[in-house]
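Shown next, in structure tokens, is the structure this report addresses.
Residue numbers (the working numbering): 126 to 663.
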């Protein structure tokens, strides 16, 4: 493609484009798709100058645009996608896996994993209608205090960009620019402290990149007070009120929030199933029940005509029981070696017909770091899964797209195991009153409102990268989680929220913690009608 054609298009649109991107775009022959992509970046960023930095900030929206293109156009742009960092070249061999544990043969050296190798189990075009929207790169490095500072500064800046689009925030100003008395102001800040005064008012300490200020919420404003009670530390939000440089008396609190404006439907009838927390390797693993589930998927249960249209199975973490996860766990293990636990998992999943795509993200019981984002399941231990040709491994969290086809963008699914959920269930007043640990969809609604999977510093272990991977940048059609072992299906602002039950009987540790798990419940979602049915294999 000639540079001049792209430059002419950009000039017509009032845009400037940097040389690096211009040269990359010029290497492809699909000029019309490139023009549409540039338009997409302009619409998403509202920027007049398209630089590599602007592109990177809007990478997920551009990736969504690629998914809507016809397959022929996608193939033409594959090289461009790789150079832009939207795709990775795939080079991997697959083979059938024996269904007998004793026949697994580990006959190769497994490289030490210093960084995720996406070539090993990345989604490729052969995976039909499963596409990766976002998966986190994992780096190993020595952490310093500066990393945490940059992490929170990066989070603040990104959330500020989201919040400053909200029309409710009139007279938006930085904290250090507040002057005079009784002034109407709006600020965007991160909550660094929260306490109750002796007069029963809520006093927040809020900071931005320019300074700190106190914000008082009066108990004489019951609606606002109730809203503010549920604010958690380290969350970023907008605040409106009247005040001076010392204190603001709040009139409103604006959360980032997550909303989609339509409940989309596929033109083709397909089904996706959601499960998690198999805990394979535990003495309490409900293997017979899981085998019934496999028989169902393979069409061995009479009067189940829908089975042939099941195309996807999403497993949201804790495929295995792990080792040393909680005190006394070793007494409850049938298989005490994590490699053998994964071999057993591959044996079972290998029984499922191979035209069902199985998407697996890790959880805190899996054999890898708990620190989020969690990488792909480690090939050193989970190598048998790497040999299953219909298994797709993703990070925790990650976002995928299923069911896209010409004229239909498919469904975006955000996978997050849910390690942070217990913190909010035990610390947010509203969630405590609702006993949200037994109603996990309430927890999922809460984090969607925050637009962050773990806003409070102590709610999960995390890797402080410059770009916060736990921000919900691209609002999904479906959020799927697990960890609580409770089954729940509901909607929040048109976003379908699904929490998965468990395939492990109640453990002594769960009993001690007061957990009341659900067992063997599998939500099934019809992509065409949006009908949801919970299959019960208990």
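Using N, Cα and C, we set each Cβ at its ideal position, and we do this for glycine too.
Neighbour-count burial assignment, residue i, 16 or more Cβ in a 10 Å radius
{"i": "residue 520", "result": "buried"}
{"i": "residue 466", "result": "buried"}
{"i": "residue 173", "result": "exposed"}
{"i": "residue 270", "result": "exposed"}
{"i": "residue 280", "result": "buried"}
{"i": "residue 237", "result": "Since pLDDT at residue 237 reaches only 37, below the 50 mark, its modelled position is unreliable, and no value is offered."}
{"i": "residue 321", "result": "exposed"}
{"i": "residue 523", "result": "buried"}
{"i": "residue 393", "result": "exposed"}
{"i": "residue 295", "result": "exposed"}
{"i": "residue 499", "result": "buried"}
{"i": "residue 197", "result": "exposed"}
{"i": "residue 656", "result": "exposed"}
{"i": "residue 554", "result": "exposed"}
{"i": "residue 381", "result": "buried"}
Coarse secondary structure for residue i, derived from DSSP in three states
{"i": "residue 324", "result": "coil"}
{"i": "residue 588", "result": "coil"}
{"i": "residue 496", "result": "coil"}
{"i": "residue 346", "result": "coil"}
{"i": "residue 549", "result": "helix"}
{"i": "residue 275", "result": "helix"}
{"i": "residue 106", "result": "The structure shown does not extend to residue 106, since the chain is modelled only from 126 to 663, so the question has no answer here."}
{"i": "residue 514", "result": "coil"}
{"i": "residue 149", "result": "helix"}
{"i": "residue 537", "result": "strand"}
{"i": "residue 563", "result": "helix"}
{"i": "residue 644", "result": "strand"}
{"i": "residue 199", "result": "helix"}
{"i": "residue 622", "result": "strand"}
{"i": "residue 527", "result": "strand"}
{"i": "residue 334", "result": "coil"}
{"i": "residue 182", "result": "helix"}
{"i": "residue 610", "result": "coil"}
{"i": "residue 370", "result": "coil"}
{"i": "residue 627", "result": "strand"}
{"i": "residue 317", "result": "strand"}
{"i": "residue 506", "result": "helix"}
{"i": "residue 602", "result": "coil"}
{"i": "residue 254", "result": "coil"}
{"i": "residue 491", "result": "coil"}
{"i": "residue 570", "result": "helix"}
{"i": "residue 583", "result": "helix"}
{"i": "residue 664", "result": "There is simply no residue 664 to check, as the chain begins at 126 and stops at 663 in what is shown."}
Within-9 Å CB hit, residue i to chain C
{"i": "residue 641", "result": "The chain labelled as chain C is not found in the depicted structure, where only one protein chain is given."}
Span separating the alpha-carbon of residue i from that of residue j
{"i": "residue 594", "j": "residue 427", "result": "44 Å"}
{"i": "residue 609", "j": "residue 514", "result": "30 Å"}
{"i": "residue 559", "j": "residue 134", "result": "55 Å"}
{"i": "residue 347", "j": "residue 550", "result": "23 Å"}
{"i": "residue 461", "j": "residue 405", "result": "11 Å"}
{"i": "residue 435", "j": "residue 138", "result": "44 Å"}
{"i": "residue 170", "j": "residue 317", "result": "29 Å"}
{"i": "residue 376", "j": "residue 368", "result": "11 Å"}
{"i": "residue 300", "j": "residue 314", "result": "9 Å"}
{"i": "residue 274", "j": "residue 266", "result": "16 Å"}
{"i": "residue 386", "j": "residue 616", "result": "13 Å"}
{"i": "residue 582", "j": "residue 344", "result": "27 Å"}
{"i": "residue 391", "j": "residue 163", "result": "27 Å"}
{"i": "residue 308", "j": "residue 340", "result": "14 Å"}
{"i": "residue 562", "j": "residue 660", "result": "22 Å"}
{"i": "residue 622", "j": "residue 447", "result": "27 Å"}
{"i": "residue 668", "j": "residue 276", "result": "Any answer about residue 668 is impossible in this case: the structure gives the chain only from 126 up to 663."}
{"i": "residue 229", "j": "residue 507", "result": "In this predicted model, residue 229 has a pLDDT of only 46, less than 50, meaning its place in the structure is not dependable enough to derive any value."}
{"i": "residue 634", "j": "residue 452", "result": "8 Å"}
{"i": "residue 530", "j": "residue 649", "result": "21 Å"}
{"i": "residue 261", "j": "residue 323", "result": "45 Å"}
Cβ distance (whole Å) where residue i is taken to contact residue j below 8 Å
{"i": "residue 517", "j": "residue 502", "result": "Between residue 502 and residue 517 the Cβ distance is about 11 Å, and since that is not below 8 Å, they are no contact."}
{"i": "residue 337", "j": "residue 327", "result": "So it is not a contact: roughly 17 Å between Cβ atoms."}
{"i": "residue 407", "j": "residue 458", "result": "6 Å"}
{"i": "residue 618", "j": "residue 292", "result": "Incorrect: roughly 17 Å between the Cβ atoms, too far for contact."}
{"i": "residue 481", "j": "residue 440", "result": "About 12 Å; that fails the 8 Å criterion."}
{"i": "residue 525", "j": "residue 202", "result": "So it is not a contact: roughly 20 Å between Cβ atoms."}
{"i": "residue 626", "j": "residue 612", "result": "4 Å"}
{"i": "residue 373", "j": "residue 364", "result": "7 Å"}
{"i": "residue 255", "j": "residue 527", "result": "6 Å"}
{"i": "residue 180", "j": "residue 146", "result": "6 Å"}
beta-carbon residue i near the ligand NAP non-hydrogen atom, thresh 8 Å
{"i": "residue 549", "result": "With respect to the ligand NAP, the structure shown offers nothing to examine, as it has no ligands at all."}
- [ ] Quick one: which unbroken alpha helix (DSSP H) runs of 4-plus residues sit fully inside the region 382-467? Chain order, please.
- [x] 412-422
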